[in-house]
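So the structure is just underneath, and the comments pick up after that.
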Amino acid sequence: MEIKGAVALVTGGANGLGLAIATFLSEQGAHVVVGDLDEDALSGLGGEFDHHVLDVTCPDNVTKVVNDIVKKHGRIDILVNNAGVIFNEPLVNIMNPEGMIHDYTRFRNSIAVNLDSVFLMTGAVVEHMIKGRTKGCIVNISSISARGNEGQTAYSAAKSGVNAMTVTWSKELGRMGIRCNAIAPGFINTGSTNSALTETTINHIVANTPVRRLGEAKEVAQAVVSVISNDFINGTILEVNGGITI
Amino acid sequence: MNEKLVSVLAEVFNLQPDQIVPELTKENVGSWDSLKQMDLVISLERQYGVTLQVEDIIQLVSVAKIAEVLKRKGVDLGD
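Chains as they are written, first to last, in the working numbering: chain F, 66 to 311; chain B, 460 to 538.
Shown next as structure tokens:
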């Protein structure tokens, strides 16, 4: 796919990894639209990108924003499902006898933000792609945690679900010229990584990563652009993790 | 029946050409689900150079209807 001139929607694109992806796509010539729940961060984007306040867990809001974008730009060629929140909670916390077992509400919330959101966004966008015969590309931002990561029951389950949906949709939609791939970053040097992990943990991760460093957001953005650009990449979960396995 | 259309439909639905008759409907063909419908649309568009809109696609529920939609799109099926 030719990225120059394509209309790209990046969810959670006002900060961190999403912003890096939005910026890199824009540098490649895409018309980037950013959707994010963080209104302050959206305001901070200034006029760099067209942007919308977007709650990816709210079906009505998702439909409205997607319809508004299609109305303004005529179509959406690229959807990057980046919005999500890292969430850490083990199934059993033996240090908390009163609430030893993973809270169910927090489990559901994490699934809603990290998995349901991808379902809602992709459905809304693909409907327009099918109707408009857009040969589009969906890129889901997964995670190395999709393999299963201790301390991340809900997040790992959600990201594993994202991978499964990615492969399913690549099979269902490929015939219509719509490709679906996922990027599974490892540990990336972003604000959310640094706030979710202690310095000791980060040092341990770096020591166990063959390239001996965290990844940079732009390296994930480069992977996103790679899978969009190559029309024969479909149904792939591309790991971008410096060689670390968990 | 138009030979080319019979050939296209037989391939899409994995049927023998003699099974493709105007009376054949979505209900008679086990494999004719929503995914096959997308295969059908792409095959018809490629073979006949037409573009099918959603309102056309939902009418493609039988061989007779498929022929009807194609004719409406200006395709000459020779009958």
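Just so it is clear, CB atoms sit at the ideal spot from N, CA and C, and this is done for glycine as well. Small disclaimer: the values here were computed from a predicted structure and weren't measured.
The continuous stretches of beta strand (DSSP E) do not include Ala-148 (chain F), and DSSP gives it neither H nor E. A Cβ-Cβ distance of about 12 angstroms is found for the pair Gly-251 (chain F) and Ile-206 (chain F), leaving them out of contact under the 8 angstroms criterion. Counting only the Cα atoms, Ile-159 (chain F) lies some 36 angstroms from Leu-303 (chain F).
One thing to note: Ile-479 (chain B) has its Cβ no nearer than 8 angstroms to the Cβ of Val-500 (chain B). With respect to chain F, the C-beta atom of Ile-479 (chain B) has no partner C-beta closer than 8 angstroms.
For Arg-244 (chain F), there are no C-beta contacts with chain B under 7 angstroms, since the nearest C-beta of that chain is about 14 angstroms from it. Rounded to whole angstroms, Thr-233 (chain F) and Thr-255 (chain F) show a C-alpha spacing of 30 angstroms. In the three-state reduction of the DSSP assignment, Ile-195 (chain F) falls in the helix class, which pools H, G and I.
Within the segment 109 to 167 of chain F, complete alpha helix (DSSP H) segments of at least 4 residues are found at 124 to 138, given in chain order. Listed as beta-bridge partners of Pro-250 (chain F) by DSSP are F:Val-305. For Thr-484 (chain B), no Cβ of chain F is located within less than 8 angstroms of the residue's own Cβ. The shortest CA-to-CA distance from Ile-253 (chain F) to any of F:Val-305, F:Arg-171, F:Thr-263 is the one to F:Val-305. When the alpha-carbon of Arg-240 (chain F) is set against those of B:Val-471, B:Ser-521, B:Pro-481, the nearest one is in B:Val-471.
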